[in-house]
Amino acid sequence: LQALQDAYKDRGLVVLAVPSDDFNQEKASNAEVKTFCELTYGITLPMAVISHVTGPEAHPLFVWLRDVAGFVPQWNFNKVLIDRTGQVVGMWPSSDEPMGGEIEAAVVKTLAG
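Next comes the structure, spelled out in structure tokens:
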């Protein structure tokens, strides 16, 4: 995701990371998660605080994604592309790589607008 951000940020792409413990993967504090991602992966993406992405306590963004697009994350590192007008363009599971395939192609097409 960082590579995608780096490749297209000058054209307007913003990748937002939203850590969640809904899948029992995040056991650290917000600061620890941010530091870990920065030091381990060189992440400079904007990062939200640890948030619920499923269930009754889901962050409003994920409630909106569920209601508008039927999107409910099944695991970490799901990807959602939203265009400049707020329309959901695409949704991908954690197994889909951001670069060199369908996601990158959708980003290029969306940014071309």
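In our numbering, each residue carries its 1-based index in the sequence shown increased by 1328. Heads up, the beta-carbon is just placed ideally off N, CA and C, and yes, glycines get one too. Only a predicted model underlies this, so the values are computations on that prediction, with no experimental measurement involved.
Going by DSSP, what residues sit across from residue 1473 in a beta bridge? What the structure shows of the chain is the stretch from 1329 to 1441, and residue 1473 is not part of that stretch, so it cannot be assessed.
Output yes or no for whether 9 Å exceeds the beta carbon distance between residue 1372 and residue 1333. Stepping through the sequence shown from its first residue, residue 1372 is reached at position 44. Stepping through the sequence shown from its first residue, residue 1333 is reached at position 5. Cβ distance < 9 Å, so residue 1372 and residue 1333 count as in contact.
Mind the definition here: the segment 1371 to 1387 touches the segment 1411 to 1430 only if three or more C-beta pairs lie below 8 Å; say whether that holds. no
Can you tell me which residues form a DSSP beta bridge with residue 1345? In the sequence shown, the residue the question calls residue 1345 occupies position 17. The partner list for residue 1345 (beta bridge, DSSP) reads 1375.
Backbone secondary structure at residue 1381 - three-state DSSP: Reading the sequence shown from its first residue, position 53 is the one you call residue 1381. In this structure, residue 1381 counts as coil in the three-state DSSP scheme.
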